[in-house]
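**Q** Residue numbers (the working numbering): 475 to 946.
Here it is: the structure, laid out below.
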Amino acid sequence: MWSQGFGGAAGRRVAARADGLHLTAAQGRAPLLGPAKAPVDVWSYNGAVPGPELRVRQGDRLRLTLHNELAEGTTIHWHGVRVPNAMDGVPHLTQAPVEPGQSFVYDFVAQDAGTFWYHPHQRSYEQVGRGLYGPLIVEEPEPIEVDRDLTWVLDDWRLDDDGQIGGGFGSRHDEMMAGRIGNTATINGVLPAPLKVRANERVRLRLINAANARIFGFDFAGHKPVVIAIDGQPVEPHEPDGLVVLGPAMRIDLILDMTGSPGARMAVDDKFYEGLEYRLTDIEYASSPLRDRPLATSVALPPNPIPEPVLDGAQRHEVRFGGGMMGMMGGRRIGGTADGSSSSGMMGGGMMNGSRGGMMGGGMMGWTVNGVSASGHVHDPMLTIPRGRTAVLNLVNDTAWWHPIHLHGHTFRVVSRNGVPTARREWQDTVLMAPQETAEIAFVADNPGDWMFHCHILEHQAAGMMAAIRVD
Ligand code: C2O
Ligand code: CU
């Protein structure tokens, strides 16, 4: 069932004070399919999917109490935020799980402005998959000039015939292939309604991919979206080379100048998976323009205070990702990698390479990082980097599948892909790797502690594609 429909896609805004905030994780119901349909049983923060949009100023301190009213332990991870290790929300690695009926206080300073999000890190393939996530927006001290600042938290649900969340979380099939891809896309927890705009309006659109597994690739036909930030971090403003691609957990901030004519209706399509394209929503123009030409002011964001990696004398490691079903078509996509550079994304259907991990005598051994498939929780770090030193990790995707690889506690530059230097040396915390792609990332290991390093397709993570990196 691919539901198309109606509802309110406008950004839902819950202003947050910097402290004294409470997030209660509990079972609830949410109107994912709009007011005309039965609400859906979900797990949510403060009774809503997504949870409240936390909005603070750069440099503000956040103090939030998590209350766990679920029937199992949970935590909150502040995805992309450079928090102290004890605030990172990884059960058994940075804190004990917050058990049912218990609470935990998260307390940290928002050093970087940008678009972030929060979600549990305990059994996240089910907890996130049932609706536990929310946006965290850290505003620049002097925001760029826009008419509206909208957040779209994107999700992809697997609903059953009754319009409820289907079971089977963590199934072996999902784990070994593309992850739990769903059948119903939502924006801000509801089936998308048209985005109503006025000609020559300027919108800052903050896209957050909260899906377990779906990669989105948007075509804003007739518009020229300008990417101003990736994973919350400013990037030289540029038009994407093709689709606006977000792997799970990634964020992209766009400037959308509404250059259509009054009265126009224009499509926003998701074209990532070849043969599975669908209309996400429409952009609907009012009959009168907002102004007679688009704004001409700069959309460049000021940089965040991230230390610049020093590649000379850096500590270098190779990290190979392996496993999964080989010879499948599931990772297939024609044309382009995540940053639009040359394609390595085409996999032949008959491709099979017995020397690569994943299949053993017809069985499957899960996903691996440097040959190790983590089970349960990660304890021992895969590698240690001295504090203050630059690390360069050469990531090798030795599988037939896409993987969004996420590092905690740090933001890294994507220095090269398939050996070719990237044009913009993007700062990211999650790098989407095409099948067989390599990517070099570099960062100053300035945040002490043990940090998760894992695939953000949550079924891949659960099936072993995770490790820890120690900064000591
Ligand atoms: Cu968004 Cu380790 O997580
Ligand atoms: Cu993966």
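Note that CB positions come from ideal geometry on N, CA and C, so glycine has one too.
Because the structure is a prediction, the values reported are computed rather than measured.
From what residue to what residue does the alpha helix (DSSP H) around L932 run?
**A** Stepping through the sequence shown from its first residue, residue 932 is reached at position 458. Note, L932: alpha helix (DSSP H), 932-936.
**Q** Let me know if N657 comes out buried or exposed under the rule of 16 or more other beta-carbons within 10 Å of its beta-carbon.
**A** Within the sequence shown, residue 657 is the residue found at index 183, counting from 1. N657 is exposed by the Cβ-count criterion.
**Q** From the DSSP output, in three-state form, read off N921 for me.
**A** Taking the first residue of the sequence shown as position 1, residue 921 is located at position 447. Three-state DSSP puts N921 in coil, outside helix and strand.
**Q** Could you please give the first and the last residue of the uninterrupted alpha helix (DSSP H) stretch that includes V650?
**A** For the purposes of this step, residue 650 is taken as residue 176 along the sequence shown, with counting starting at 1. A quick correction: the sequence has Met, not Val, at residue 650. Its alpha helix (DSSP H) spans residues 646-650.
**Q** Which of the three DSSP states is assigned to M802 in this structure?
**A** For the purposes of this step, residue 802 is taken as the residue at position 328 of the sequence shown. Low confidence applies to M802: its pLDDT is 46, below 50, so where it sits in the model is not reliable, and the reading given next is rough at best. M802: coil per DSSP, three-state reduction.
**Q** Is any heavy atom of the ligand CU found at a distance shorter than 7 Å from the C-beta of H551?
**A** Position 77 of the sequence shown, counted from the first residue, corresponds to residue 551. Result no, Cβ not under 7 Å from the ligand CU.
**Q** Could you give the first and the last residue of the continuous alpha helix (DSSP H) run that contains E675?
**A** Taking the sequence shown and counting its residues from 1, one reaches residue 675 at position 201. Taken as a continuous stretch (DSSP letters only), E675 belongs to no alpha helix (DSSP H), as it is neither H nor E.
**Q** Looking at F690 and F643, is the spacing between their C-beta atoms short of 8 Å?
**A** Position 169 of the sequence shown, counted from the first residue, corresponds to residue 643. Position 216 of the sequence shown, counted from the first residue, corresponds to residue 690. The answer is no: Cβ separation not under 8 Å.
**Q** Between which residues of its own chain and A937 is the CB-CB distance below 6 Å, once the five residues before and five after are set aside?
**A** Numbered from its first residue, the sequence shown carries residue 937 at position 463. Counting only Cβ-Cβ distances below 6 Å, and skipping sequence neighbours, we find E649, G840, W841.
**Q** Indicate the three-state DSSP secondary structure (helix, strand or coil) for Q501 in the structure shown.
**A** To locate residue 501, count along the sequence shown from 1; it is residue 27. Q501: strand per DSSP, three-state reduction.
**Q** So, are the CB atoms of G608 and L528 less than 8 Å apart?
**A** Within the sequence shown, the letter at position 134 stands for residue 608. Within the sequence shown, the letter at position 54 stands for residue 528. Contact flag set, yes.
**Q** The beta strand (DSSP E) spanning Y580 covers which residue range?
**A** For this step, residue 580 is matched to residue 106 along the sequence shown. 577-583 is the span of the beta strand (DSSP E), which, as asked, contains Y580.
**Q** With 16 other CB atoms within 10 Å as the buried threshold, where does T589 fall?
**A** Taking the first residue of the sequence shown as 1, we reach residue 589 at position 115. When all chains shown are included, T589 counts as buried.
**Q** Could you check what DSSP says for Y759 in three-state terms: helix, strand or coil?
**A** By one-based count along the sequence shown, residue 759 stands at place 285. Note: Y759 maps to strand in three-state DSSP.
**Q** As an exercise, report each continuous beta strand (DSSP E) stretch of at least 3 residues that is fully enclosed by the segment 519-597, in chain order.
**A** For the segment 519-597, whole beta strand (DSSP E) runs of length 3 or above, ordered along the chain, are 528-531, 535-542, 551-553, 577-583, 588-593.
**Q** Hey, would you say the C-beta of P723 is under 7 Å away from at least one heavy atom of the ligand C2O?
**A** On the sequence shown, residue 723 is found 249 positions in, with the first residue counted as 1. With the sequence shown as reference, residue 723 is identified as Ala, and Pro is not the correct amino acid for it. The answer is yes for A723.
**Q** In the DSSP output, what is E914 paired with across the bridge?
**A** The residue labelled residue 914 in the question sits at position 440 within the sequence shown. According to DSSP, which records beta bridges pairwise, E914 is partnered with N868, S890.
**Q** Decide yes or no for the touch test of the segment 561-571 against the segment 500-520: beta carbon pairs closer than 8 Å, at least 3 of them.
**A** Contact between the segment 561-571 and the segment 500-520 is absent, because fewer than three Cβ pairs lie under 8 Å.
**Q** Run through the DSSP bridge pairs and tell me what G608 is partnered with.
**A** Numbered from 1 along the sequence shown, position 134 holds the residue referred to as residue 608. Y592, per the DSSP bridge assignment.
**Q** With 16 as the cutoff for other CB atoms within 10 Å, does E911 come out buried or exposed?
**A** As a position in the sequence shown, residue 911 is number 437, starting the count at 1. E911 is buried by the Cβ-count criterion.
**Q** Helix, strand or coil for E792, going by three-state DSSP, please let me know.
**A** Here residue 792 is taken as the residue at index 318 of the sequence shown, counted from 1. Here E792 sits in strand by DSSP.
**Q** Taking 8 Å as the cut-off, does the segment 659-674 touch the segment 698-714 (at least 3 CB pairs, one atom from each stretch)?
**A** Contact fails: fewer than three Cβ-Cβ distances are below 8 Å.
**Q** Is it a yes or a no for the segment 911-925 touching the segment 780-796, going by three-plus beta-carbon pairs under 8 Å?
**A** Yes: the two stretches touch, three or more of their Cβ pairs being nearer than 8 Å.
**Q** Whose C-alpha, out of D743, A760, H930, is nearest the C-alpha of Y752?
**A** Taking the sequence shown and counting its residues from 1, the one referred to as residue 752 is at position 278. Cα-wise, what sits closest to Y752 is D743.
**Q** For Q638, does the three-state DSSP call read helix, strand or coil?
**A** Taking the sequence shown and counting its residues from 1, one reaches residue 638 at position 164. Here Q638 sits in coil by DSSP.
**Q** Would you check if the distance between the CB atom of M940 and the CB atom of V870 is smaller than 8 Å?
**A** As a first step, residue 940 must be located in the sequence shown, where it is residue number 466. As a first step, residue 870 must be located in the sequence shown, where it is residue number 396. No, they are not a contact pair.
**Q** Where does G605 land, buried or exposed, given buried means 16+ other C-beta within 10 angstroms?
**A** Working through the sequence shown from its first residue, we reach residue 605 at position 131. Its Cβ being crowded by 16 or more others within 10 Å, G605 is buried.
**Q** Please identify the residue among D630, A687, G637, M732 whose C-alpha is closest to the C-alpha of G663.
**A** Taking the first residue of the sequence shown as 1, we reach residue 663 at position 189. If we check each option's Cα against that of G663, D630 comes out closest.
**Q** Report all residues from its chain with a CB closer than 6 Å to the CB of Q576; omit the five preceding and five following residues, and keep chain order.
**A** As a working mapping, residue 576 is identified with position 102 in the sequence shown. Excluding residues within five positions, the ones whose Cβ falls inside 6 Å are N542.
**Q** Just the C-alpha distance for H947 and H930, rounded to the nearest angstrom, thanks.
**A** For the chain, the structure presents residues 475 to 946; residue 947 sits outside this window and is missing.
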